[in-house]
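Have a look at the structure below, then the notes.
Residue numbers (my numbering): 90 to 139.
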């Protein structure tokens, strides 16, 4: 499964950037963000058309 992870602006919560990652990478990214106090929004990524 893939997830879209969006980094959020500290002031207004708007999306600063986003990336799509495999589920195995989510934990590492969340831990890194928590270590520096960064806000994230994580949601399942849209399935690509086959």
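For every residue, glycine included, the Cβ atom is placed at its ideal position computed from N, Cα and C.
All values derive from a computational prediction rather than experimental measurement.
Terminal residues of the continuous beta strand (DSSP E) containing residue 115?
In the DSSP assignment, residue 115 falls outside any beta strand (DSSP E) and within the unbroken alpha helix (DSSP H) covering 112-125.
Find the nearest neighbour of residue 96 within the set 133, 134, 129, 135, judged by alpha-carbon distance.
Minimum Cα distance to residue 96 is reached at 129.
Between the Cα of residue 107 and those of 125, 100, 92, spot the shortest distance and give me the residue it belongs to.
Nearest option by C-alpha distance: 92.
If the criterion is Cβ atoms closer than 9 Å, does the pair residue 141 and residue 105 meet it?
Residue coverage of the chain in this structure runs from 90 to 139, which leaves residue 141 outside it and unanswerable.
Could you give the distance in angstroms between the alpha-carbon of residue 126 and the alpha-carbon of residue 102?
Cα to Cα, the separation comes out at about 13 Å.
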